[in-house]
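Chemist:
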Amino acid sequence: MAISSPPAVRRPPLPAIPLVIAEERCKGCEICVAACPKDALALDLRRVNVLGYHPVTLVDAAACTSCAFCARVCPDAVFTVWTASHEERPR
Ligand code: SF4
Ligand code: SF4
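Note that the sequence shown covers residues 149 to 239 in my numbering.
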């Protein structure tokens, strides 16, 4: 009797953006702005969120490397960072 290999696990497709910002929780402290090594974040001074702060926004999505430094330093868990799996990364 032949042993068959397990079915390949299909991962859901990655979102087009590298991170999601729950801006309603942002307090505008700019810790993430200082932590981003790519200068990809800034406060959006044109908008005010429900807490009364200018929320952070991703100003350069192409520069973002999904390093997640922003998510690690944010005290309010504002970021969800997406990254490609090892198999999905360009070689
Ligand atoms: S994941 Fe890294 S590069 Fe992207 S915005 Fe956050 S700190 Fe910057
Ligand atoms: S560290 Fe968090 S709370 Fe502070 S500006 Fe960045 S996203 Fe907003």
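Idealized CB from N, CA, C, for every residue including glycine. Fair warning: this is a prediction, and the values are worked out from it, not measured in the lab.
Within the structure, which residues are defined as neighbours of ligand 1 by a Cβ-heavy atom distance below 7 Å, reported in chain order?
Modeler: 166, 167, 180, 183, 184, 185, 186, 188, 189, 206, 211, 212, 213, 214, 215, 216, 217, 218, 219, 227, 229
Chemist: When DSSP labels each residue in this structure, what does residue 219 get in the three-state scheme?
Modeler: helix
Chemist: Less than 8 Å separating the beta-carbons of residue 179 and residue 226?
Modeler: No, the pair does not count as a contact, with Cβ atoms beyond the cut-off.
Chemist: Whose C-beta lies closer than 8 Å to the C-beta of residue 208 among residues of the same chain, with five residues either side of it excluded?
Modeler: 186, 187, 188
Chemist: Residue 196 by DSSP, collapsed to three states: which one?
Modeler: coil
Chemist: Please return the same chain residues whose Cβ sits closer than 7 Å to the Cβ of residue 202, not counting the five positions on each side in sequence.
Modeler: 176, 191, 192, 193, 195, 196
Chemist: Any idea which residues DSSP pairs residue 205 with across the strands?
Modeler: 190
Chemist: For a test of the three-state rule: what should DSSP assign to residue 151, helix, strand or coil?
Modeler: coil
Chemist: Suppose contacts are defined by Cβ-Cβ distances below 8 Å. Is residue 205 in contact with residue 169 by that definition?
Modeler: yes
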